[in-house]
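Visitor: Under our numbering, the letters of the sequence shown match residues 392 to 717, in that order.
We put the CB at the ideal spot given by N, CA and C, even for glycine.
Nothing here was measured: the structure is a model prediction, and the numbers come from that model.
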Amino acid sequence: MIIAQTPLRVSFFGGGTDFRSYFLEEGGCVLSTAIDKYIFVTIKKRFDDQLRVGYTETELVGNLEEVKHELIREALRKTGITSGVEITTMGDIPSAGSGLGSSSTVTVGALRAMYSYLGENGFSAERLAQEACEIEIDVLGKPIGIQDQYIAAYGGFRFIEFAPDGSVRCEKLDLGDDLKQQLTENLLLFYTGQTRKSATILTEQRANIAEKKATLGAMKELAYAARDELVRGNLDSLGLLLHKSWQLKRQLASGISNAAIDRTYETALNAGALGGKITGAGGGGFLLIYVPQDRRRSVRAALNGMRELPIQLESDGAKVIFNYRR
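1. I'd like to confirm the pairing. Which residues does DSSP put opposite residue 698 in its beta bridges?
2. Express the C-alpha separation of residue 694 and residue 512 in angstroms, rounding to a whole number.
3. Using only CA atoms, which one of 615, 496, 668 lies nearest to residue 431?
4. When you compare only the Cα positions, how much space is there between residue 452 and residue 493?
5. Give the secondary structure of residue 497 by DSSP, where H, G and I count as helix, E and B as strand, and everything else as coil.
6. Report the three-state DSSP secondary structure of residue 652 (helix, strand or coil).
7. Mapping the DSSP letters down to three states, classify residue 566 as helix, strand or coil.
8. Buried or exposed: where does residue 515 fall if 16 or more other Cβ atoms within 10 Å of its Cβ makes it buried?
9. First and last residue of the beta strand (DSSP E) that includes residue 681?
10. Leaving out five residues on either side along the sequence, give the residues of the same chain with a beta carbon under 8 Å from the beta carbon of residue 646.
11. What are the residues that DSSP puts in a beta bridge with residue 610?
12. What residue from 574, 425, 455, 482 has the CA that sits closest to residue 628's CA?
13. Under three-state DSSP, which class holds residue 686?
14. Closest to residue 439 by CA distance: which of 454, 448, 447 is it?
15. Does the beta-carbon distance from residue 580 to residue 665 come in below 7 Å?
16. What does the Cβ neighbour count give for residue 624, buried or exposed, with the cut at 16 atoms within 10 Å?
17. Could you round the C-beta distance between residue 409 and residue 703 to whole angstroms and report it? I think they count as a contact, below 8 Å.
18. In chain order, what are the residue ranges of uninterrupted beta strand (DSSP E) at least 3 long that sit wholly in the stretch 398 to 476?
19. By the DSSP assignment, the alpha helix (DSSP H) with residue 522 in it spans what residues?
20. Is residue 407 near residue 607, with beta carbons less than 7 Å apart?
21. For the beta strand (DSSP E) containing residue 668, list its first residue and its last residue.
22. Going by CA-CA distance only, name the one from 485, 462, 583, 538 that's closest to residue 505.
23. With respect to the beta strand (DSSP E) encompassing residue 549, which residues constitute its N-terminal and C-terminal limits?
24. Here's a check: name, in chain order, each residue in its chain whose Cβ is nearer than 6 Å to the Cβ of residue 544, leaving out the five neighbours to either side.
25. Alpha carbon to alpha carbon, how far is residue 537 from residue 657? Give it in angstroms, no decimals.
26. Please confirm if the stretch 463 to 470 is in contact with the stretch 524 to 537, defined as three or more CB-CB distances below 8 Å between the two stretches.
27. Which value, in whole angstroms, describes the spacing of the CA atoms of residue 685 and residue 503?
28. How would you call residue 381, buried or exposed, if buried means at least 16 neighbouring beta carbons within 10 angstroms?
29. Please report the straight-line C-alpha distance between residue 423 and residue 692, rounded to a whole angstrom.
30. Should residue 456 go down as buried or exposed, given a rule of 16 or more other Cβ atoms within 10 Å for buried?
31. By DSSP, does residue 632 sit in helix, in strand, or in coil?
32. Under the assumption that residue 412 contacts residue 716 (Cβ atoms under 8 Å), give the Cβ distance between them as a whole number of angstroms.
33. How about residue 633 and residue 667: are their beta carbons less than 7 Å apart?
34. Could you tell me whether the Cβ atoms of residue 433 and residue 484 are closer together than 7 Å?
This is the structure in structure tokens:
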């Protein structure tokens with residue numbers, strides 16, 4: 392049996408500039424971190440030649456084409472495993488509409504587990520990310536960017552640049568333990584209680600790219616500025632830049648925000664938060680808030696009743712945490 396652990400992520404800046412239709416012309420970048428919430432993928436050999444896939448549903452099928460879980464099906468196809476295995480996926484948070492990159496995390500984690508099952512250990516994080524992008528975008532036609540696959544594969548706190556020639560550069564930011572801990576404590580993550588189908592928002596966002604290039608360009612500049620402020624240790628500047636970026640992000644597509652999200656966000660600002668954003672595509676999921684130390688209690692009190700998800704930054708990407716072979 393193989394168990395792979397792959398981190399979810401919080402994306403701070405630059406989301407939207409990682410669409411190929413944008414960065415292959417303009418170049419893009421994101422500032423993102425893996426967090427200590429995970430999706431686990433297990434794979435083990437079966438006695439017979441059937442395929443069993445367990446998630447919120449359980450599938451037991453006779454051939455690959457019958458597998459309904461499309462991410463698992465295409466990961467099996469990519470790795471050449473066509474029969475005789477059991478696969479399960481389990482997550483630390485509800486996978487539907489969380490905004491924490493769960494779909495790409497499943498894909499990267501499935502590939503990591505399957506290659507280990509096959510005894511292949513010489514592959515790189517770059518290969519995992521590239522193949523996950525191929526599955527989600529090229530094969531399944533998902534209206535998504537490519538940042539989530541890379542942060543899931545690499546882990547860490549990263550500034551990721553997407554070049555017009557299609558290459559990707561993943562810079563790991565070494566913040567030091569003290570600064571990293573202070574940043575972690577200043578980031579509060581609250582569940583909005585709303586879920587949404589990200590594909591609906593992302594399809595509109597992708598269709599709007601040509602007319603939103605100026606907005607995306609401004610978001611990209613904020614991502615570079617945020618990286619520089621972070622490296623200098625200016626954490627509160629990060630919060631202020633988050634606020635500016637969120638105002639821009641809301642312009643990319645309808646449905647990214649709504650009246651309930653706006654009210655919650657304004658409540659947090661009035662209580663002392665410097666900035667924030669909805670994680671992922673928007674429309675629901677988790678609300679990320681940056682709050683200086685002396686204002687955390689008042690913000691938490693103002694948002695009383697919302698479920699808070701405590702997080703730590705995760706340095707590792709997709710990895711095998713259990714490998715038992717008879």
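Guide: With the structure as the only source:
1. Here residue 698 corresponds to residue number 307 of the sequence shown, with the count starting at 1. Partner(s): 582.
2. Here residue 512 corresponds to residue number 121 of the sequence shown, with the count starting at 1. Here residue 694 corresponds to residue number 303 of the sequence shown, with the count starting at 1. So the two alpha carbons sit approximately 46 Å from each other.
3. One-based indexing of the sequence shown puts residue 431 at position 40. Selected option, being the one with the closest Cα: 496.
4. In the sequence shown, the residue the question calls residue 452 occupies position 61. In the sequence shown, the residue the question calls residue 493 occupies position 102. Cα to Cα, the separation comes out at about 25 Å.
5. By one-based count along the sequence shown, residue 497 stands at place 106. It is helical.
6. As a first step, residue 652 must be located in the sequence shown, where it is residue number 261. In the structure shown, residue 652 sits in a helix (DSSP, three-state: H, G or I).
7. Translated into positions along the sequence shown, residue 566 becomes position 175. In the structure shown, residue 566 sits in coil (DSSP, three-state: anything other than H, G, I, E or B).
8. Reading the sequence shown from its first residue, position 124 is the one you call residue 515. Its Cβ having fewer than 16 others within 10 Å, residue 515 is exposed.
9. Along the sequence shown, read from residue 1 onward, the residue named residue 681 stands at position 290. Here the beta strand (DSSP E) through residue 681 covers 677 to 681.
10. Numbered from its first residue, the sequence shown carries residue 646 at position 255. Closer than 8 Å at Cβ, skipping near neighbours: 587, 591, 592, 595, 673, 674.
11. Walking along the sequence shown from the start, residue 610 turns up at place 219. According to DSSP, residue 610 bridges with nothing at all.
12. The residue labelled residue 628 in the question sits at position 237 within the sequence shown. When only C-alpha atoms are compared, the closest one is 574.
13. The residue you call residue 686 lines up with position 295 of the sequence shown. In this structure, residue 686 counts as helix in the three-state DSSP scheme.
14. The count along the sequence shown starts at 1 and reaches residue 439 at position 48. Comparing Cα positions, the closest option is 454.
15. The count along the sequence shown starts at 1 and reaches residue 580 at position 189. The count along the sequence shown starts at 1 and reaches residue 665 at position 274. No, the Cβ-Cβ distance between residue 580 and residue 665 is not below 7 Å.
16. Here residue 624 corresponds to residue number 233 of the sequence shown, with the count starting at 1. So residue 624 ends up on the exposed side.
17. As a position in the sequence shown, residue 409 is number 18, starting the count at 1. As a position in the sequence shown, residue 703 is number 312, starting the count at 1. Wrong, their Cβ atoms sit about 24 Å apart, outside the cutoff.
18. 419 to 436, 442 to 445, 449 to 452
19. Here residue 522 corresponds to residue number 131 of the sequence shown, with the count starting at 1. Its alpha helix (DSSP H) spans residues 516 to 524.
20. Working through the sequence shown from its first residue, we reach residue 407 at position 16. Working through the sequence shown from its first residue, we reach residue 607 at position 216. Yes. Within cutoff.
21. Numbered from its first residue, the sequence shown carries residue 668 at position 277. First-last of the beta strand (DSSP E) with residue 668: 666 to 669.
22. For the purposes of this step, residue 505 is taken as residue 114 along the sequence shown, with counting starting at 1. Per the Cα distances, 462.
23. Position 158 of the sequence shown, counted from the start, is the residue given in the question as residue 549. Here the beta strand (DSSP E) through residue 549 covers 548 to 553.
24. Within the sequence shown, numbered from 1, the residue matching residue 544 stands at position 153. Result list for residue 544: 499, 516, 519, 520, 708, 709, in chain order.
25. Locating residue 657 in the sequence shown gives position 266, where the first residue counts as 1. Locating residue 537 in the sequence shown gives position 146, where the first residue counts as 1. Going from the Cα of residue 657 to the Cα of residue 537 covers about 31 Å.
26. yes
27. Reading the sequence shown from its first residue, position 294 is the one you call residue 685. Reading the sequence shown from its first residue, position 112 is the one you call residue 503. Their backbone Cα atoms lie some 42 Å apart in a straight line.
28. The question about residue 381 has no answer here: the residues shown for the chain are numbered 392 through 717.
29. Residue numbering aside, residue 423 sits at position 32 when the sequence shown is read from its first letter. Residue numbering aside, residue 692 sits at position 301 when the sequence shown is read from its first letter. For residue 423 and residue 692, the distance between alpha carbons rounds to 27 Å.
30. Counting from 1 along the sequence shown, the entry for residue 456 is found at position 65. Exposed, since its Cβ has fewer than 16 Cβ neighbours within 10 Å.
31. Within the sequence shown, the letter at position 241 stands for residue 632. Reduced to three states, the DSSP call for residue 632 is helix.
32. As a working mapping, residue 412 is identified with position 21 in the sequence shown. As a working mapping, residue 716 is identified with position 325 in the sequence shown. That belief does not hold up - the Cβ atoms of residue 412 and residue 716 are roughly 44 Å apart, past 8 Å.
33. Translated into positions along the sequence shown, residue 633 becomes position 242. Translated into positions along the sequence shown, residue 667 becomes position 276. Yes; because the gap between Cβ atoms is below 7 Å, this pair is in contact.
34. Translated into the one-based positions of the sequence shown, residue 433 becomes position 42. Translated into the one-based positions of the sequence shown, residue 484 becomes position 93. No.
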